[in-house]
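Those letters in the sequence shown? Residues 1 to 391, per UniProt numbering, in order.
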Amino acid sequence: MAAARGCPGAVPVPRAGGPRGAALGSAGGALRAGRGRARPRGGRLAGPARTWTRTWTRKWVAGPGRAAPHRLVLGSRRTPPVPAAMSRGGGKGPSLKDKLDGNELDLSLCDLNEVPVRELAALPKATILDLSCNNLISLPSDFCSLMHLVKLDLSKNRLQQLPLDFGRLVNLQHLDLLNNRLVTLPVSFAQLKNLKWLDLKDNPLDPVLAKVAGDCLDEKQCKQAAVKVLQHMKAIQSEQDRQRQRKLQAEREMEKKREAEQRAKEAQERELRKREKAEEKERRRREYDAQKAAKQEMEKKTKKENVQTRKPASSSRPPQPPRHKHSWSRSVLRVLLFVLLCVLCTLAACKLTELQHQPLCISVNTLYEDVLAALQNHKTLQNMLQQNSQQ
1 MAAARGCPGA VPVPRAGGPR GAALGSAGGA LRAGRGRARP RGGRLAGPAR TWTRTWTRKW
61 VAGPGRAAPH RLVLGSRRTP PVPAAMSRGG GKGPSLKDKL DGNELDLSLC DLNEVPVREL
121 AALPKATILD LSCNNLISLP SDFCSLMHLV KLDLSKNRLQ QLPLDFGRLV NLQHLDLLNN
181 RLVTLPVSFA QLKNLKWLDL KDNPLDPVLA KVAGDCLDEK QCKQAAVKVL QHMKAIQSEQ
241 DRQRQRKLQA EREMEKKREA EQRAKEAQER ELRKREKAEE KERRRREYDA QKAAKQEMEK
301 KTKKENVQTR KPASSSRPPQ PPRHKHSWSR SVLRVLLFVL LCVLCTLAAC KLTELQHQPL
361 CISVNTLYED VLAALQNHKT LQNMLQQNSQ Q
């Protein structure tokens, strides 16, 4: 019966042809993992009733090096699954495009350890994707870019969690997560507004989530599970949004409080600096006034001492006549002597040097001779000159 599901670990037993093999081939198309649900698709069987064609090569114990192919046919309407390397284009076998049947891509039973997201993104026509019965532990974050997916089967893997952005698969309507290791769902799951069918059975779910999801034993319960889980995740998302808003509001209030405290502290510091500056100014003004008063007091004291010292000296000395008259007569005499000296120098220059032929010197010499002649005519002056010459 395990071979009918085709999951990893199921080893088919080769059988010879005949009525028994034909009966097994006709019965194999009705089995699908014990799920017991047949999903008709047009004029052919789909879902649990899908049939498989696989070929195994086994060694006989009869002798070394002998091998014989044995073929177990459970129908003939499905292509054989390819290994993971081939599904990613790394081998010579068929590519993902060769496995595409209409809008359905079946990658179940391929022993996949990771999802070939890049190759799947190149097939936007594949809106139905079957990744069941593989070895998937997690889905890459870029898996959420496959927004063209409408139906996704991830059953019977080892998924421990879904990507945080799983809610980006907004076109997803059918999601099978049967028999994995999921405990919780990402909050973005609430964004899957088109989800109509969900199976979370056989997962170690959180008790609250398990109660919301229900048993999903038939089609109706799976549809109800989709609705209830979406409502539950929306409530969680709303609560987280409210908590985030409250946290943000609290942070804003704390920031405002810190800013107010900072402003009050700065105002207090400014007031303190202003008061210190005023006190310093007042101190300097008092020092200046004290210095000014001391200086004035010193000047008064010095002036008083000078007055006291001048009084005895003035009383002992006789009054002296003013000297301004003698100083004026001396100044006039000095001027006259200076003028006379200049005249004598001019006469000497005009008499003894070559300048005597200059017009100015000629005039000076003429004037000198006239003055000298006039003086000689004066008898008294002449007598004085004679006496001076005799002496």
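Glycine residues also receive a C-beta, built at the ideal position from the N, C-alpha and C atoms.
The structure displayed is predicted, hence computed values, not measured ones.
Just curious, the beta strand (DSSP E) that residue i is in, first and last residue?
{"i": "D130", "result": "I128 to D130"}
{"i": "L105", "result": "E104 to D106"}
With 16 as the cutoff for other CB atoms within 10 Å, does residue i come out buried or exposed?
{"i": "residue 394", "result": "This structure cannot settle anything about residue 394, because the visible part of the chain is limited to 1 through 391."}
{"i": "R66", "result": "With a pLDDT of only 36 at R66, under 50, the local geometry of the prediction cannot be trusted, and no value is derived from it."}
{"i": "L152", "result": "buried"}
{"i": "D199", "result": "buried"}
{"i": "C345", "result": "exposed"}
{"i": "G102", "result": "exposed"}
{"i": "V115", "result": "buried"}
{"i": "T366", "result": "exposed"}
{"i": "A374", "result": "exposed"}
{"i": "S141", "result": "exposed"}
{"i": "C110", "result": "buried"}
{"i": "L164", "result": "exposed"}
{"i": "C144", "result": "buried"}
{"i": "C216", "result": "buried"}
{"i": "Q191", "result": "buried"}
{"i": "D176", "result": "buried"}
Alpha helix (DSSP H) containing residue i: first to last residue?
{"i": "E119", "result": "V117 to A121"}
Reducing DSSP to helix, strand and coil, say where residue i ends up.
{"i": "K151", "result": "strand"}
{"i": "D370", "result": "helix"}
{"i": "L185", "result": "coil"}
{"i": "A38", "result": "Any reading at A38 must be qualified, since the residue scores a pLDDT of 38, below 50, and its modelled position is unreliable; no value is offered."}
{"i": "G214", "result": "coil"}
{"i": "S95", "result": "coil"}
{"i": "Q224", "result": "helix"}
{"i": "S331", "result": "helix"}
{"i": "L362", "result": "The amino acid occupying residue 362 in the given sequence is Ile; Leu does not appear at that position. Three-state result, I362: helix."}
{"i": "N383", "result": "helix"}
{"i": "H357", "result": "helix"}
{"i": "C133", "result": "coil"}
{"i": "H378", "result": "coil"}
Measure the C-alpha to C-alpha separation of residue i and residue j and round it to an integer number of angstroms.
{"i": "K99", "j": "R246", "result": "51 Å"}
{"i": "E104", "j": "V229", "result": "26 Å"}
{"i": "L112", "j": "R252", "result": "48 Å"}
{"i": "K301", "j": "S331", "result": "41 Å"}
{"i": "Q358", "j": "Q387", "result": "35 Å"}
{"i": "M147", "j": "E119", "result": "14 Å"}
{"i": "R284", "j": "K274", "result": "15 Å"}
{"i": "L355", "j": "W328", "result": "37 Å"}
{"i": "L337", "j": "E297", "result": "53 Å"}
{"i": "N157", "j": "Q262", "result": "57 Å"}
{"i": "R168", "j": "K257", "result": "39 Å"}
{"i": "Q237", "j": "C133", "result": "31 Å"}
{"i": "G214", "j": "K125", "result": "33 Å"}
{"i": "L149", "j": "Q249", "result": "38 Å"}
{"i": "V183", "j": "P204", "result": "5 Å"}
{"i": "L107", "j": "H232", "result": "31 Å"}
{"i": "R286", "j": "L272", "result": "21 Å"}
Determine which residues share a DSSP beta bridge with residue i and list them.
{"i": "H174", "result": "K151 and W197"}
{"i": "D101", "result": "E104"}
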